[in-house]
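A.B. asks: Here the working numbering is used: the first residue of the sequence shown is 15, the next is one more, and so on. One structure, as C-alpha cells, below. Some questions next.
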Amino acid sequence: MSKDNNSSHNEKRPPVVTVMGHVDHGKTTLIDAIRGSNITDKESGGITQNISAFKVNHKGRNITFIDTPGHELFSQMRKNGVLMTDLVLLVIAVDDGVMPQTKEVIDIIKENNLKTIVVFNKIDLPQKSNLHKIKSDLSREGILLEGFGGDIVSVEISAKNKQGIDELLELVFLQYDLLENTYEPKEKDSLVILESYKDSYVGNVSLCLVEDGIVERGYNIFSLKRGNVGRIRAIKNDRGEDIQTASVADPIYIQGQNDFLDIGERVIFSKDKILRDIVKEDTLATEVEENLSEEDFFNESGPDIKKLSIILKTDTKGSMDAIVSAIDQIKFENISIDIFKKGLGDVSDEDINIAKNTHSIIIGFKIKVSSRLKKLAQNLHIIVMVYDIVYRLVDDLKDAAESLIPPEFIEIENGKMEVKEIFKLSNKSIVSGGVVFEGKILRNSKCRVIRGDEVIFEGKISDLRQLKNEVSEVATGTECGIILNPSFEPQNKDIIISYRVEKV
Ligand SMILES: Nc1nc2c(ncn2[C@@H]2O[C@H](COP(=O)(O)OP(=O)(O)OP(=O)(O)O)[C@@H](O)[C@H]2O)c(=O)[nH]1
Ligand SMILES: [Mg+2]
15 MSKDNNSSHN EKRPPVVTVM GHVDHGKTTL IDAIRGSNIT DKESGGITQN
65 ISAFKVNHKG RNITFIDTPG HELFSQMRKN GVLMTDLVLL VIAVDDGVMP
115 QTKEVIDIIK ENNLKTIVVF NKIDLPQKSN LHKIKSDLSR EGILLEGFGG
165 DIVSVEISAK NKQGIDELLE LVFLQYDLLE NTYEPKEKDS LVILESYKDS
215 YVGNVSLCLV EDGIVERGYN IFSLKRGNVG RIRAIKNDRG EDIQTASVAD
265 PIYIQGQNDF LDIGERVIFS KDKILRDIVK EDTLATEVEE NLSEEDFFNE
315 SGPDIKKLSI ILKTDTKGSM DAIVSAIDQI KFENISIDIF KKGLGDVSDE
365 DINIAKNTHS IIIGFKIKVS SRLKKLAQNL HIIVMVYDIV YRLVDDLKDA
415 AESLIPPEFI EIENGKMEVK EIFKLSNKSI VSGGVVFEGK ILRNSKCRVI
465 RGDEVIFEGK ISDLRQLKNE VSEVATGTEC GIILNPSFEP QNKDIIISYR
515 VEKV
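Shown next as C-alpha cells:
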C-alpha cells in the first residue's frame with residue numbers, strides 16, 4: 015500500500031529539541047521550568063536515569079523536548095536522545111563549566127552535525143563570572159560561539175528561578191526556522207522508538223516519536239526486522255493520559271505490541287493488517303531476554319577464574335544497556351562477572367529457579383520482587399539485590415567481584431636474635447638465650463630458626479623473657495630468652511627470626 019498523502023509537507027513539523035549536558039547541570043530543572051512540572055522532585059538519587067520526552071506549546075507552536083541523563087553511565091541513552099533531533103540544548107552550569115559529559119555531548123553534536131544552542135544555566139550563582147572562561151573552554155572543544163569566532167548562539171538562564179526561559183524558547187524557534195526543511199515525508203507512516211520496557215500489567219510499552227503521519231489507536235505496527243508486531247491497544251501522551259491519535263513529532267507511549275521494539279528502531283504503522291511491500295532489514299532483533307545454556311556457562315571460564323554469576327532484571331531496555339556496559343568495564347584479574355540471564359520486568363519464579371541452579375545472585379534495577387518471591391529466595395539462600403540508583407548497583411557489584419579476589423599475604427620481619435646460650439628449665443622447657451641485633455622480637459609471633467643458609471625450624475615464640483620477667487617484646491641490643499613452640503633446641507650462633515604475616 016502506498017501512503018495516502020494529501021497533506022502538504024512544505025510546512026515544518028514541530029521542532030524536536032534534545033536537552034543534554036553534564037550531570038546536575040540543570041537539564042531536568044530546565045524542562046520543569048518550561049513545562050511548569052516538578053519531575054526533579056521525584057527522581058531517585060536526584061539524577062535522571064531514563065530518557066523522556068515532552069510536548070510543550072509556546073505561543074501557539076508546539077515543541078517536543080527530550081530530556082537525557084547526564085550521569086557518565088548513560089552514554090548510550092544520550093546517543094539515543096538524538097535519534098530524531100533538530101536542535102540540541104547544550105546545558106552548562108556556570109559553577110561547573112565544561113565537564114567530561116559536556117565533551118561527550120559535543121562529540122555527539124559533531125558526529126550528527128546537529129544545530130546547537132548553548133544554555134548557560136545557574137546564572138543566579140556568583141560563579142556567573144566564569145562565563146568568559148567557559149566560553150573560551152568551549153572554543154577549545156570546537157564549539158565556537160558568537161563573539162568567539164563562530165556563529166553558535168547561547169543564552170543565559172536560571173532554570174531554578176525561571177529566568178531567561180522565554181528568551182530561550184524564542185531562540186529555539188529562531189534557530190529552528192533557520193534550518194532547511196527538516197520534514198522529509200517518509201514513504202510510510204512511521205514511529206521512532208526512544209525507549210522500551212515491559213509493564214507487568216500491560217506488557218510491551220515503547221516511548222516513541224511520531225516520525226510521519228497520524229497514528230491512531232488500533233493501528234497495526236510493523237517492524238522492519240520482524241514484520242507485523244501487533245496492534246496498538248493504547249496510546250498515552252507525556253502526561254500519562256489516554257489519547258486516540260498523535261501526529262508528527264508527538265512523544266507518545268504505545269502499548270499492546272506483541273513483540274519488543276528495540277531502541278532506535280523505526281516502525282511503520284498502518285490501518286491495514288498486512289503490508290506486503292515492507293522490506294525487512296537484514297538484521298536480527300536484539301534479544302531482550304537472554305539465557306546462556308548452563309553447559310556453555312560453566313565451560314566459559316578457565317579453572318583459575320573466579321566467577322560472580324548474576325541474573326540482571328531492569329525496568330527498561332535503556333537502563334539494561336547502561337548497566338550491561340558498566341558491568342563490562344568492571345575488570346579484576348581472574349574474576350569474571352557473568353550475566354547468566356538478563357531481562358526486563360519484575361523478578362519471576364523462573365529467575366529464582368535459574369538462580370538456584372546456576373548459583374547466581376539476582377540484581378534488579380527499578381523492578382519489584384513480590385514478598386512471596388522474596389521469601390522463596392530467602393529460603394533457598396539466593397541473594398536478591400534491588401536498586402533504584404544505577405551507580406550504587408554498579409559500585410556494589412564491583413565490591414562483590416572484588417571480594418572474590420583471594421587476599422595475598424606477605425611476611426614482614428619483626429627482628430632477629432643470635433643464640434649465645436641454651437638453658438633447660440626444670441619443666442624441661444628449652445630457653446635460647448642471646449642478644450637481639452635487629453628490630454624487635456615479639457612474644458607469640460611466628461618465627462623460624464636459621465643455621466647457615468638453612469631454615470631448620472618453623473614455629474612460634476611461645477615465651478619471651480628479659481632476665482626472669484616475661485615480656486611482650488625485646489628491642490635491639492637487649493639480651494633475652496626465647497622458648498619455642500613446638501619445643502626445639504637450637505645451637506649457638508643460630509639466628510631466630512621473629513616475623514608477622516600481613517594481608518596486602
Ligand atoms: N542555583 C541553581 N541551581 C540549579 C539551577 N538549575 C538546577 N539547579 C540545581 O541543580 C541540581 C541538579 O539539577 P537537575 O535539573 O536535576 O540536573 P540534571 O542536569 O537534570 O541532572 P542529570 O539529569 O542527573 O544529569 C538540582 O539541585 C537543582 O535544583 C539554577 O538555575 N540555579
Ligand atoms: Mg536530569
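From the three backbone atoms N, C-alpha and C, an ideal C-beta is built for every residue, glycine too. This structure is a prediction, so every number in the text was calculated from the model and none was measured.
(1) Can you give me the C-alpha to C-alpha distance between A67 and N348, rounded to a whole angstrom?
(2) Is L205 closer than 8 angstroms to V243 when the C-beta atoms are compared?
(3) Distance, Cα to Cα, D519 vs L159?
(4) A173 by DSSP, collapsed to three states: which one?
(5) Ligand 2 and D81: does the residue's C-beta get closer than 7 angstroms to at least one heavy atom of that ligand?
(6) Around the Cβ of N94, are there at least 16 other Cβ atoms within 10 angstroms (buried) or fewer (exposed)?
(7) Going along the chain, which residues of its own chain have a beta-carbon closer than 7 angstroms to the beta-carbon of I181, five neighbours each way excluded?
(8) Please return the same chain residues whose Cβ sits closer than 6 angstroms to the Cβ of G495, not counting the five positions on each side in sequence.
(9) Measuring CB atoms only, is the stretch 280-290 touching the stretch 332-350, in the sense that at least three cross pairs come out at less than 8 angstroms?
(10) How about the stretch 320-331 and the stretch 248-264: do they share at least three Cβ pairs that are nearer than 8 angstroms?
(11) Leaving out five residues on either side along the sequence, give the residues of the same chain with a beta carbon under 7 angstroms from the beta carbon of V400.
(12) Quick check on the DSSP output: the beta strand (DSSP E) that includes S339 runs from which residue to which?
(13) Grouping DSSP H, G and I as helix and E and B as strand, with all else coil, what is A263?
(14) DSSP three-state label for G59, please.
(15) Please state whether DSSP places N19 in a helix, a strand or coil.
(16) Pull up the distance between the alpha-carbon of T297 and that of D329, whole angstroms please.
(17) Name the one or two DSSP bridge partners that F236 has.
(18) Counting along the chain, where does the beta strand (DSSP E) carrying I381 start and finish?
(19) Taking Cβ positions only, does R253 come closer than 8 angstroms to chain D?
(20) Just verifying my parser: in three-state terms, what is the DSSP assignment at V186?
(21) Use the C-beta contact count for I419: other C-beta atoms within 10 angstroms, 16 or more gives buried, fewer gives exposed.
(22) Tell me whether E364 sits in a helix, a strand or coil according to DSSP, three-state version.
(23) Going by DSSP, what residues sit across from S66 in a beta bridge?
(24) Is there at least one non-hydrogen atom of ligand 1 closer than 7 angstroms to the beta-carbon of A489?
(25) So the candidates are G60, S58, V102; which of them puts its Cα closest to the Cα of I77?
(26) Count the other CB atoms within 10 Å of the CB of Q271; is the residue buried (16 or more) or exposed (fewer)?
(27) Going by the C-beta, is S58 closer than 7 angstroms to any heavy atom of ligand 1?
(28) Looking at the secondary structure, which residues open and close the alpha helix (DSSP H) in which Y405 lies?
(29) Roughly how many angstroms lie between the CA atoms of V433 and I511, to the nearest whole one?
(30) Decide if the stretch 449-468 is in contact with the stretch 355-365; the criterion is three or more beta carbon pairs, one per stretch, under 8 angstroms apart.
(31) Going by the beta-carbon positions, is the gap between V463 and P504 smaller than 8 angstroms?
(32) On the DSSP letters alone, give me the boundaries of the beta strand (DSSP E) that L478 sits inside.
(33) Given V112, which residues of its chain have a CB within under 7 angstroms of its CB, disregarding the five upstream and five downstream residues?
(34) For the beta strand (DSSP E) that contains M431, what are its first and last residues?
(35) Quick check: L97 and G278, are their CB atoms within less than 8 angstroms of each other?
(36) So, is P114 buried or exposed, given that buried needs 16 or more other C-beta atoms within 10 angstroms?
C.D. replies: According to the structure data:
(1) The C-alpha of A67 lies about 43 angstroms from the C-alpha of N348.
(2) Remark: C-beta atoms of V243 and L205 do not approach each other more closely than 8 angstroms.
(3) Because the chain is modelled from 15 through 518, residue 519 falls outside the range shown and cannot be assessed.
(4) In the structure shown, A173 sits in coil (DSSP, three-state: anything other than H, G, I, E or B).
(5) Yes, Cβ of D81 sits closer than 7 angstroms to a heavy atom of ligand 2.
(6) The residue in question, N94, is buried, as its Cβ has 16 or more Cβ neighbours within 10 Å.
(7) Residue identity differs from the one stated: residue 181 is Glu in this sequence, not Ile. These residues qualify, in order along the chain: V169.
(8) Cβ within range, chain order: V445, G447, R479.
(9) Using a Cβ-Cβ distance cut-off of 8 angstroms, the stretch 280-290 and the stretch 332-350 are not in contact, since fewer than three pairs of beta carbons, one from each stretch, lie closer than that value.
(10) By the Cβ rule, the stretch 320-331 does not count as touching the stretch 248-264, because fewer than three pairs are nearer than 8 angstroms.
(11) Correct list, in chain order: G378, I381, V383.
(12) DSSP places S339 in no beta strand (DSSP E) but in the uninterrupted alpha helix (DSSP H) bounded by 331-342.
(13) When secondary structure is reduced to three states using DSSP, A263 falls in the coil class, being assigned neither helix nor strand.
(14) Here G59 sits in helix by DSSP.
(15) Low confidence applies here, because N19 scores a pLDDT of 46, under 50, leaving its location unreliable; read the following figure in that light. Here N19 carries a coil assignment [DSSP, helix/strand/coil].
(16) In this prediction, T297 has a pLDDT of 44, which is less than 50 and means its spatial position is unreliable; nothing more can be read from the coordinates.
(17) F236 is bridged by DSSP to N242, I282.
(18) Run containing I381: none; DSSP gives neither H nor E here.
(19) Annotation note: the requested chain D is absent from the structure, which comprises a single protein chain.
(20) Helix.
(21) That one is exposed.
(22) Helix, per DSSP.
(23) Answer by DSSP bridge pairing, in chain order: D81.
(24) Flag unset: Cβ of A489 not near ligand 1.
(25) Measuring from the Cα of I77, the nearest candidate turns out to be V102.
(26) It counts as buried.
(27) Remark: the C-beta of S58 is outside contact range of ligand 1, defined as less than 7 angstroms to any heavy atom.
(28) Run containing Y405: 404-416, per the alpha helix (DSSP H) assignment.
(29) Whole-angstrom Cα-Cα distance: 11 angstroms.
(30) These segments do not touch.
(31) Between V463 and P504, the C-beta spacing is below 8 angstroms.
(32) Counting along the chain, the beta strand (DSSP E) containing L478 begins and ends at 468-480.
(33) Close CB contacts of V112 within its chain, under the 7 angstroms cut and outside five residues either way in sequence, are with I106, I148, D151, L152, E155 (chain order).
(34) Start and end: 423-438.
(35) In this structure, G278 lies closer than 8 angstroms to L97 by Cβ.
(36) Exposed, since its Cβ has fewer than 16 Cβ neighbours within 10 Å.
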